[in-house]
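Novice:
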Amino acid sequence: MTLARALPNDATGWWIFLGTFAVYAAARWFFAWRQARHEGDEHPVRAAFAEEDDPRPAVTGGFRSYRQFFGFVGSAVVVVLVAGLTDGRLRVALLWSLVPVLVVALAYLDFRQARKAHSRAL
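According to the numbering used here, the sequence shown is numbered sequentially starting from 41.
#1: Pair every Cβ in the segment 67-74 with every Cβ in the segment 83-92, then say whether three or more of these pairs are closer than 8 Å.
#2: With a CB to CB cut of under 8 Å and the five nearest residues on each side skipped, what residues in its chain are close to Y106?
#3: According to the Cβ coordinates, are R155 and Q75 closer than 8 Å?
#4: Quick one: is D150 buried, meaning 16 or more other Cβ sit within 10 Å of its Cβ, or exposed?
#5: Check whether the Cβ atoms of V122 and L134 lie closer than 8 Å to each other.
#6: If I measure Cβ to Cβ from P84 and keep anything under 6 Å in the same chain, skipping five residues before and after, which residues do I get?
#7: Going by beta carbon distance, what residues of the same chain come within less than 8 Å of Y148, once the five residues before and after it are set aside?
#8: Tell me the DSSP secondary structure of T52 in three-state form.
#9: Which of helix, strand or coil does DSSP assign to H83?
#10: What is the DSSP secondary structure of T126, counted as helix, strand or coil?
#11: Since L138 and V118 should fall inside the 8 Å C-beta cutoff, what is the C-beta to C-beta distance between them, to a whole number of angstroms?
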């Protein structure tokens, strides 16, 4: 397996790796804030943070919808194709522009699924 990648060995690789999680978390928080603001909550920031404190998990393991599954697989396929078919500056430009968009799209799918499960539980 010469194409298998290990965890990053340098600081830049770790910052990119951790930055992906930060973009995902920020996108989830933004979607929760926007939803609370749209619903007319007095304190949308508190509501956005309180959503994550719900003791009942909205999603328990795995993919709860085909949209989540196909979004994850489709995103992985796009990243692999871009990384495999491009080189140099084009690869860097495409990955730096596509990966954040794909991560935000996955965060949106997860947010919508969690909101739907939460509203059914009430």
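Ideal Cβ placement from N, Cα and C applies to all residues, glycine included.
Specialist: To lay it out plainly:
#1: yes
#2: Position 66 of the sequence shown, counted from the start, is the residue given in the question as residue 106. Taken in chain order, the list of residues that qualify is empty.
#3: Taking the sequence shown and counting its residues from 1, the one referred to as residue 155 is at position 115. Taking the sequence shown and counting its residues from 1, the one referred to as residue 75 is at position 35. Contact flag set, yes.
#4: Sequence index remark: in the sequence shown, residue 150 carries index 110 (1-based). It counts as buried.
#5: The residue labelled residue 122 in the question sits at position 82 within the sequence shown. The residue labelled residue 134 in the question sits at position 94 within the sequence shown. A contact, by the Cβ cut-off of 8 Å.
#6: Position 44 of the sequence shown, counted from the start, is the residue given in the question as residue 84. Here the set comprises W73, A76, R77.
#7: Mapped onto the sequence shown, residue 148 falls at position 108. So the list reads A67, F71, once near-sequence residues are dropped.
#8: Within the sequence shown, numbered from 1, the residue matching residue 52 stands at position 12. Here T52 sits in helix by DSSP.
#9: As a first step, residue 83 must be located in the sequence shown, where it is residue number 43. Looking at H83 - three-state DSSP - the assignment turns out to be coil, as it is neither helix nor strand.
#10: Here the question's residue 126 lines up with position 86 in the sequence shown. T126: coil per DSSP, three-state reduction.
#11: As a position in the sequence shown, residue 138 is number 98, starting the count at 1. As a position in the sequence shown, residue 118 is number 78, starting the count at 1. That belief holds up - the Cβ atoms of L138 and V118 are roughly 6 Å apart, short of 8 Å.
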